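Shown next, in structure tokens, is the structure this report addresses.
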Amino acid sequence: MAHFSGEDEVVMQTMLRQLFQSVKEKITGAPSLECAEEILLHLEETDENFHNYEFVKYLRQHIYNTLGSMIEEEMEKWMSNQNQDEESGYDTVVQHVTKRTQESKEYKEMMHSLKNIMMVVVESMINKFEEDEVRSQESQKKIQKEKSNSYCTDNCSDSDSSFNQSYKFCQGKLQLILDQLEPGQPKEVRYEALQMLCSAPPSDVLNCENWTTLCEKLTMSLSDPDPVFSDRILKFYAQTFTLSPLHMTKEIYTSLAKYLKLYFLSRENHIPTLSTGIDISNPNVICLLKKVRLLNEYQKEAPSFWIRHPEKYMEEIVENTLSLLSVKHDQGHLVSQKILDPIYFFALVDTKAVWFKKWMHAYYSRTAVLRLLEKKYKSLITTAVQQCVQYFELCEAMKIDEILGHSKHCGRLLIYTQGRRLFPIKLKNRKDLVSLTDLVVLFTQLIYYSPSCPKMTSAAHLDNYSPASMVTEVLQILCDQKECAIECLYNNTVVEALLQPIHNLMKGTKTAPNCSETALIHIADILARIASIEEGLTLLLYGENMNSSGEKSSTGAHIIAQFSKKLLDEDISIFSGSEMLPVVKGAFISVCRQIYGTCEGLQVLIPYSLHESIAKAWKKTSLQSERTTPVKCLESVSSVSQESQNLMAWEENLLDDLLNFAATPKGLLFLQRTGAINECLTFMFKRYAKKLQISRHKKFGYGVLVTQVSSTAAGAVALHSSGFINALITELWTNLECGRDDVRVTHPRSTPVDPIDRSCQKCFLGLVNLLPYPAVYELVGNRELPNKAEYSLREVPTCVIDIIDRLILLNSEAKIRSLFNYEQSHIFGLRRWLLGVVCCDLDTLLLLEAQYQVSEVLLNAQEENILENSESHRDFIIDGLSVERNHVLVRINLIGGPMERILPPRVLQKGDDPYPWPMFSSYPLPNCYLSEVTKNTDLKQDNDLGNLLLCFKMSDKQTEWIENCRKQFCKMMKAKPDIISGSALPELLEKFVLHLSESPSECYFPSVEYTATDANVKNESLSSVQQLGIKMTVRYGKFLNLLKDSAENDLTLVLKHCERFLKQQQVPIKSSLLCLQGSYAGHDWFVSSLFMIMCGDKEKTFRFLQQFSRLLTSAFLWLPRLHISRYLPADTIESGIHPIYFCSTHYIEMLLKVEVPLVFSAFHMSGFAPSQICLQWITQCFWNYLDWIEICHYIATCVFLGPDYQVYICIAIFKHLQQDILQHTQTQDLQVFLKEEALHGFRVSDYFEYMEILEQNYRPVVLRDMRNVRVQST
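The sequence shown runs 26 to 1299 under the working numbering.
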């Protein structure tokens, strides 16, 4: 660039001319010089050809030649200095290099050189431009002189006039145009003047002194009968709207609005009437619609920029608009003679009233609109409602556009509080005021009273613009605004209006004349939206007054269920054979799905057996789909293909409906009874793999459904068969071992120090949800670990056993070498899998200990981690793995509640001794892990409890005695709960259960004769899980000073007697489920707890169990009691689901939603179900979660007060944990917290009064359902 020749200058000028020529239109259209500069500065953002300009290419090459090498050096320096910094990304590098480049000497020299060159080039171009301008002006004078006596009529040459080339629009020219626009001037002169006006920069025109006069003249000219002239004026208006600031366009808008107002008020103009309709081929109508459309286009654009200007401009536009729309004519007596008002024409050009939606969206403009409507133009609202009423009464097809516009305006008003305050309103010829409810009912009736559109018209167009669709859209908007919906929609009147056509169809009476399948689909959509919100669901289930004495079958939910069942069973003949019938069915089942997807909704719909009807319809559709095969006739191929697609869509819809039964514990039981659970979960996995939403109205994903399903054995097997578990494990392994493929190679990730990387969090939590004990037993039970001699680095785990083999039990060098991130992956397995999933579920722990000797593997690993300093001194190497193993070993060996055991931390401490806790490589545990509070404390005899026993004297009336016992128990639990423990507690339980078992009214199960002796059962064997459970029980009992060394044999005999006793009441069953093949799969934690309560007395324990087995409470406290029991229905036995799950946890979820709604929402947001953690708590009798005395209180409370207290205690626990649950929902580890952590600070007695309130409110429902487990109705 040092030698810049004349030839270089010419080339540079050529490049600049090309650039200016390309952006000429953008620059000349700018209203000011500052705007033109802004356009050039942002040209790269707005011009897609920016990088193709020769001048830009020249600059880029010049910068590269001058600064390229320096930029590369700076990048290399930065990369080498920052290679250890994980956070330095691409943007950081760019910022650093840019800053260094701009500060460099080379950059400053280049900029100085470019500036000098450009000054030379631009100065030369300016000089040349001035010369060209002088010549152009001389040439223009000659042309004007030649044309002084004539006018050019060639429209094509207008753009080449000298006026178009000028840079300033002078006052003289504007005055000349004003004179030429006079009506008396020849047509050609007026055309030429208007063409010159359109070619001038609008900013120059609007800044002229004569602008006001010109505006008035243009307004007058709008009425010119010549359509070409009128079009040119509208073109000028359009340019003004596009290119001018608001204060100028406001004047144009005002003039056009006032003109239209005068036009409609003038009697000289022939405005169409309602009877004649609008003839869009009429030139006058075409011209009028163009003017209305132009005004409407500005209405839609104005809200995007008027907030930047003073409020008065916006208010003036709003007022002129409302003034125009409020124009009314003197009407004749007949409606058909009605002259069409401006609102009709606006409805034609903007059918959905988009302009009004935009004006009402922002508070800034909405306030002005509503204020003016209330003070000056309330007649507009009255007219809108009046027209809707008249339309409903007449249902005339010619008034479609009218109803569309008015319904949109009214609906938009109802969204906002200030808009709803405008109601009620008074209508002509109507005594009563029109309230919000009346208006919504009117909209509802319009759905099924509006006329159907002709079949030959485009279906998509009709669906969008038919009256029913438009009114439905309004109601959908109202449904989506919760506050508005509660005020306008959630009442019996509206629901009854929605259900009216359904009532009529079921009764066989004549429905509305236009109630088609489409109308029913619209109604179903509104009902589904209502049911998806809690307040709306309550309205459908119980009516507006939940305590009303009306029949339950009359509520919305019952009517919808009855109608849906009739549709599925094809009991309604009116739509038989219709192509739309499957869509109607699907729409109403979707409403039911919103209802039965909740615990309280399912309870209401149980009598209708919808799951059976849906399953029957699915099986029928599936058979039809299999029979539908392509035919050879070419003409029939498309029809068969369409039929096949329709059948497939309907089949998937039905599977989706069945799948949603799994949202609740009892619903899952019904789903398993249909036999379609495998197909449903396969369908769910396909949607999951495609990342599709679970359901249109569901707020969260698949987590809750998967958690519910995996809590049952059959559900876990179906999940495994569908590929869902395999996919989660593969995803986990990929994130843990492989990393992401899209990570920049220049900045590899550092090894995470946290045991669970955030990239693994989602799939880890998914697997936690998937692995409660029923699932683990089906997926792992009786299966050996691979323990291969060699593992390929590309070998990815595909099942739970593979994960245990590769991440937890690393007992060989081959397994260690197969991991890329050995320490991180192993810590992840120990801390999250063994700790979160295995250790906390005692049955799972016993199963893995029995099959894989987990403790032995971990102890051996600790042994290998010892550093031998001398023959007598051995030190453990303290690292992440040894600390994790130490924590796990203590946790799995030591049983107890929050105050009964001490768990070592999993992190190192600051200071000289980072880990003061002793490690070990063999049992027993060091004494420091045993709680001092409980260790040597004998549970003494309580005199107060003895006195309490004396109060329980027998009465002549046994019922009175039982009630007295319960009252005394409640009194003691509130006043002195600690005395209900110790050696007197067994006597209290024995005496109470004995008398209950002798009362026929209290006995739920029949008496069973049992004569076996110890000798008869001595040679029988217990499962390895039971045997390990016995050892664990004795260890815990000895720790609590409740059991002696000989207790192991006694407990073994008790469990053997229990197995034989219960076997007499079981039925043989053939099933592929492992849990149904033989005895109860887990350990009997209730019997172990009772054995400890009885201080190891086997005779008292088994005698108590025999008496207790007759009571209803035994079905819910003693899980093996109903294992494949003959007292359960056959389909319940085959499902493998225990009543604790489909009854107790079902009501826990139902009550939790009402009593502790924030906790219920937290569970759903976390993708976790309360039923799963409650099932784990109840199954193991709260071992490891509560201290022993609280476990005694839990058992005693349920025995004395009834099995429903099991539900109330769980609700009390969730209430106690509310703050912790909300906190861990935010940190996204709720599942881990609930499974790992003990229930700190919870005491049964603290919540006794609260549980009594729950009993008063819910016992009739809960206890009734518990009594029905033997004949559980579907």
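Backbone N, C-alpha and C define an ideal beta-carbon position, used for all residues, glycine too. Values in this document were obtained by computation on a predicted structure and should not be read as measured data.
Residue i, enclosing alpha helix (DSSP H) - first and last residue
i	result
Arg554	542-556
Asp1075	1072-1088
Phe1030	Phe1030 -> no alpha helix (DSSP H), and no H or E assigned at all.
Glu893	Unbroken run through Glu893 is the beta strand (DSSP E), 891-893; no alpha helix (DSSP H).
Trp331	Careful: Trp331 lies outside any alpha helix (DSSP H) and carries neither H nor E.
Leu503	492-505
Gly905	905-918
Ile1118	1110-1118
Ile826	825-828
Phe1167	That residue, Phe1167, is in no alpha helix (DSSP H); it is neither H nor E in DSSP.
Glu637	635-652
Glu213	212-224
For residue j and residue i, believed in contact at Cβ under 8 Å, the rounded distance
i	j	result
Leu1144	Phe1111	7 Å
Val1232	Val1287	6 Å
Thr869	Val862	7 Å
Met144	Gln38	The pair is not a contact, with the Cβ atoms about 13 Å apart (cut-off 8 Å).
Leu347	Gln411	No, Leu347 and Gln411 are not in contact; Cβ-Cβ is about 17 Å, not under 8 Å.
Ala741	Leu804	6 Å
Ala586	Leu630	5 Å
Phe789	Leu757	6 Å
Ala1037	Arg1085	5 Å
Tyr877	Ile829	7 Å
Val801	Leu872	7 Å
Arg910	Leu883	5 Å
Trp643	Leu679	4 Å
Unbroken beta strand (DSSP E) run spanning residue i, endpoints
i	result
Phe901	899-901
Leu630	Per DSSP, Leu630 belongs to no beta strand (DSSP E); it is in the alpha helix (DSSP H), 624-630.
Beta-carbon gap between residue i and residue j smaller than 8 Å
i	j	result
Met1119	Pro1011	yes
Asn918	Tyr940	no
Ala1140	Val1294	yes
Met531	Lys591	yes
Leu832	Ser843	no
Leu1142	Tyr1166	no
His1148	Gln1091	yes
Asp550	Gln501	yes
Met1276	Pro1228	no
Leu206	Ala218	yes
Leu627	Thr689	yes
Val1184	Val793	no
Val465	Cys513	yes
Ser1113	Thr1058	yes
Asp682	Ile597	no
Leu566	Ala582	yes
Glu676	Ser647	yes
Leu696	His636	yes
Cβ of residue i within 8 Å of any chain B Cβ
i	result
Val825	As a matter of chain content, chain B is missing from the structure shown, which is built from one protein chain.
Note to self: Just to confirm the assignment: which complete alpha helix (DSSP H) runs, minimum length 4, are found wholly within the stretch 26-68?
What the structure shows: Those alpha helix (DSSP H) runs which fall completely within the stretch 26-68 and span 4+ residues are 31-47, 49-53, 58-66.
Notebook entry, point to check: Per the contact definition of three or more C-beta pairs closer than 8 Å, is the stretch 270-286 in contact with the stretch 336-349?
Noted result: Judged by Cβ distances under 8 Å, the stretch 336-349 makes contact with the stretch 270-286, as three or more pairs qualify.
Next item on the list: Decide yes or no for the touch test of the stretch 1234-1242 against the stretch 1268-1284: beta carbon pairs closer than 8 Å, at least 3 of them.
Entry: Taking a cut-off of 8 Å for Cβ pairs, the stretch 1234-1242 and the stretch 1268-1284 touch, as three or more such pairs fall below it.
Check: What are the uninterrupted segments assigned as alpha helix (DSSP H) that are 4 or more residues long and contained completely in the stretch 1210-1289, given in chain order?
Finding: For the stretch 1210-1289, the continuous alpha helix (DSSP H) assignments of 4+ residues that do not extend past its boundaries occur at 1213-1226, 1229-1241, 1243-1251, 1255-1261, in sequence order.
Check: Counting pairs of Cβ atoms below 8 Å between the stretch 84-103 and the stretch 65-72, do you hit three or more?
Finding: By the criterion of at least three beta-carbon pairs nearer than 8 Å, the stretch 84-103 is not in contact with the stretch 65-72.
Check: Are the stretch 1169-1176 and the stretch 699-706 touching, with three or more C-beta to C-beta distances below 8 Å?
Finding: No, they do not touch.
Margin query: Does the stretch 919-927 come into contact with the stretch 1262-1269, if we say contact requires no fewer than three beta-carbon pairs (one atom in each stretch) closer than 8 Å?
Written below: Touching, yes.
Notebook entry, point to check: Quick check: the stretch 395-405 against the stretch 455-462, are there 3 or more CB pairs under 8 Å?
Noted result: Pairwise C-beta distances place the stretch 395-405 out of contact with the stretch 455-462, as fewer than three of them are shorter than 8 Å.
Notebook entry, point to check: Does the stretch 1073-1080 come close enough to the stretch 1010-1029 that 3 or more CB-CB pairs lie under 8 Å?
Noted result: Verdict: no, contact absent.
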